[in-house]
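These notes concern the structure reproduced below.
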Amino acid sequence: MNFRSSLKKRIIIGLLASSTLLSLMLAISSLAIKTDLQTTVIAETILDDLNNYIQQLSANPEETLALGIPISTNVTGILTTPQKLPLELPVHYADLEDGVHEVVEDGRTFIVAVNKSFIYKNQPLWGFVKYDVSHINEDNTNFYLILGGVFMLFFLITYILARLVSNQALKPLSDLASKVDSLGKDIHPEKLAPYFPDDEVGKVATALDAYAQRLTDYVVRDKEFNADVSHELRTPLAVIASTTELLKTSPSLTQKELDRIDRIERAVNQSTELTETLLLLAREERQQQNGLERAQAGQIIKKILDSHQPTLKLKTLQTQVIEKDWLQINAPDSVVSVALSNLIGNAIKYTHDGTITITIENKSVTVSDQGEGVDESELPKLFDRHFRAKKTTSKGSGLGLAIVKRLCDLYNWQIEIKPNKVSGLSAKLTF
Numbered sequence: 002m003n004f005r006s007s008l009k010k011r012i013i014i015g016l017l018a019s020s021t022l023l024s025l026m027l028a029i030s031s032l033a034i035k036t037d038l039q040t041t042v043i044a045e046t047i048l049d050d051l052n053n054y055i056q057q058l059s060a061n062p063e064e065t066l067a068l069g070i071p072i073s074t075n076v077t078g079i080l081t082t083p084q085k086l087p088l089e090l091p092v093h094y095a096d097l098e099d100g101v102h103e104v105v106e107d108g109r110t111f112i113v114a115v116n117k118s119f120i121y122k123n124q125p126l127w128g129f130v131k132y133d134v135s136h137i138n139e140d141n142t143n144f145y146l147i148l149g150g151v152f153m154l155f156f157l158i159t160y161i162l163a164r165l166v167s168n169q170a171l172k173p174l175s176d177l178a179s180k181v182d183s184l185g186k187d188i189h190p191e192k193l194a195p196y197f198p199d200d201e202v203g204k205v206a207t208a209l210d211a212y213a214q215r216l217t218d219y220v221v222r223d224k225e226f227n228a229d230v231s232h233e234l235r236t237p238l239a240v241i242a243s244t245t246e247l248l249k250t251s252p253s254l255t256q257k258e259l260d261r262i263d264r265i266e267r268a269v270n271q272s273t274e275l276t277e278t279l280l281l282l283a284r285e286e287r288q289q290q291n292g293l294e295r296a297q298a299g300q301i302i303k304k305i306l307d308s309h310q311p312t313l314k315l316k317t318l319q320t321q322v323i324e325k326d327w328l329q330i331n332a333p334d335s336v337v338s339v340a341l342s343n344l345i346g347n348a349i350k351y352t353h354d355g356t357i358t359i360t361i362e363n364k365s366v367t368v369s370d371q372g373e374g375v376d377e378s379e380l381p382k383l384f385d386r387h388f389r390a391k392k393t394t395s396k397g398s399g400l401g402l403a404i405v406k407r408l409c410d411l412y413n414w415q416i417e418i419k420p421n422k423v424s425g426l427s428a429k430l431t432f
């Protein structure tokens with residue numbers, strides 16, 4: 002699971018990071034307090050020992066006085082005079098003032114209590130008490146182990162609690178996601194808000210319901226509009242088709258008039274096919290041919306080229322159809338005709354002279370022209386609605402290739418457009 006996409010992991014890692022930081026702060030504070038307490042207790046102890054000894058000495062100097070020998074039972078103490086100090090202690094001890102000091106000697110750390118206030122026989126008498134605290138730092142191993150164990154236990158408990166909290170906190174979101182996934186393809190989906198309380202998740206569910214309603218209204222209007230338009234177009238197209246059939250039966254028509262009627266008839270057929278195809282797209286229905294019926298690519302291409310003959314006569318264009326294999330397509334003739342008509346029509350529209358080659362293979366049809374072409378950067382945009390290439394001089398709405406792409410998505414076809422080596426484009430439609 003990707004960390005950036007997992008809210009649960011974010012919560013767990015955030016809680017673990019917070020607990021780790023707090024544990025480290027607690028451990029550092031405990032160690033500092035322990036060290037400070039040890040130092041303070043030791044300092045107070047040895048200072049009390051020294052002061053008590055000096056008090057005893059003040060009360061009975063003759064019996065208590067002993068120079069250069071220990072004056073405490075649990076620490077090392079020295080009672081000496083300034084003259085004898087260099088013989089018993091380092092010289093720098095003479096610079097120490099009354100009180101407690103931390104002194105480092107030969108890599109070892111001592112806490113030294115100093116009392117220079119006693120005067121005996123008009124001569125100062127100095128007392129020093131030394132306590133070696135080097136072993137304190139060496140004996141902290143058990144303390145560190147305890148801290149480490151407590152830290153790991155606290156970390157484990159925090160992890161378990163973080164998982165429980167995250168599961169409980171994210172359960173409403175998981176329920177909402179499951180509810181959304183379980184929604185069917187109904188035009189009017191079930192409301193989500195009634196299943197959740199009026200909290201943050203409930204507000205999200207309400208917002209999703211409102212958004213879904215807006216989308217539903219839009220889709221319903223779009224489908225109804227397309228269905229109504231398609232239905233209303235069928236009637237006038239049927240009238241025009243029946244009228245052209247009646248006109249063609251008239252014996253008084255000239256060849257020129259018959260040609261014009263044929264053009265009207267082809268236009269009606271193309272309009273009918275386009276209407277049926279747009280209706281399928283509006284319904285998002287993929288209609289397949291039943292039984293052995295298949296759309297014949299060769300026959301459809303011939304009809305398309307026949308319908309463009311008036312345009313071809315106005316240009317110095319040649320068309321050639323190379324049928325390498327017999328191609329049958331499991332789709333209505335109208336759908337295949339609309340897809341191929343757009344590709345062939347674009348090739349004729351944007352090519353002023355040269356040759357348009359249509360190659361029929363086992364599973365594909367390739368339309369190659371010698372026209373204006375497009376820039377390399379514009380190729381990915383050719384299937385966008387209303388897109389017009391910069392080099393284009395012909396008029397158009399920019400919807401033809403968008404319709405082809407929608408048909409490809411509906412029927413799982415593949416469409417690829419790439420530039421030719423010399424000029425123009427090649428559009429390959431794979432069925």
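Everything in the sequence shown is counted per our numbering, starting at 2 for the first residue and increasing by one. No residue lacks a Cβ here, since even glycine has one placed at the ideal position from N, Cα and C.
For V269, same chain residues with a beta-carbon under 8 Å away, outside a window of 5 residues either side, are L238, I241, A242 and T245 in chain order. The beta carbon of I262 is closer than 6 Å to those of T245, L248 and K249 in its chain, skipping five residues each way along the sequence.
Under the three-state reduction of DSSP, Y132 is assigned to strand. Taking 9 Å as the cut-off, the Cβ atoms of T352 and D376 do not count as close.
Taking a C-beta distance under 9 Å as the contact criterion, I357 and T320 qualify as a contact pair. If the five residues before and after I120 are omitted, its C-beta is found closer than 8 Å to the C-beta atoms of L126, all from its own chain and listed in chain order. For A95 against L88, the beta-carbon gap comes to about 12 Å, at or over 8 Å, which does not count as contact.
Residue burial is scored here from C-beta neighbours: F226 has fewer than 16 other C-beta atoms within 10 angstroms and is therefore classed as exposed. When beta bridges are read from the DSSP output, S335 appears opposite no residue. The shortest C-alpha to C-alpha distance from E324 to any of S338, T360, Q214 and L318 is the one to T360. For G374, there is no enclosing beta strand (DSSP E), as DSSP marks it with neither H nor E.
The residue from L306, D223 and P252 with its alpha-carbon nearest to that of L282 is D223. Only residues of its own chain outside the window of five on either side were considered, and among them none has a CB closer than 7 Å to the CB of D49. Assigned with DSSP and collapsed to three states, Q84 falls in coil, not helix or strand. I416 is bridged by DSSP to L430. Per DSSP, the beta bridge partners of Y121 are Q124. Residue environment analysis places R109 among the exposed positions, since fewer than 16 neighbouring C-beta atoms fall within 10 angstroms of its C-beta.
D99 has no beta-bridge partner at all, per DSSP. Straight-line measurement puts the Cα of K172 at about 45 Å from the Cα of T278. Closest by C-alpha distance to A206, out of S179, D229 and D218, is S179. Residue burial annotation: G128 is buried, with at least 16 other C-beta atoms found within 10 angstroms of its C-beta. Judged by their CB atoms, L177 and V202 are nearer to each other than the 9 Å cut-off.
At the C-beta level, L318 and G355 come within 9 Å of one another. By DSSP's assignment, S369 forms a beta bridge with T358 and S427. For L154, the secondary structure class from DSSP, reduced to helix, strand or coil, is helix. For L306, the enclosing alpha helix (DSSP H) stretches over residues A298 to S308.
The stretch 148–160 makes contact with the stretch 11–27, as at least three CB pairs between them are under 8 Å. In this structure H309 touches I349 by the C-beta definition: roughly 5 Å separates them, less than 8 Å. The beta carbon of S338 lies closer than 6 Å to those of E274 and I301 in the same chain, with the five residues before and after it left out. Taking all protein chains shown into account, R407 has 16 or more neighbouring C-beta atoms within 10 Å of its C-beta and is therefore buried. By the Cβ neighbour-count rule, V101 is buried, with 16 or more other Cβ atoms within 10 Å of its own. For R235, the three-state secondary structure derived from DSSP is helix.
Rounded to whole angstroms, the gap between the alpha carbons of I345 and T217 is 36 Å. Counting along the chain, the unbroken beta strand (DSSP E) around T317 starts and ends at T317 to E324. Spatial neighbours of G425 in its own chain (CB-CB distance under 6 Å, excluding positions within 5 residues in sequence) are listed in chain order as D370, Q371, G372 and G374. With fewer than 16 neighbouring CB atoms inside 10 Å of its own CB, V92 falls in the exposed class.
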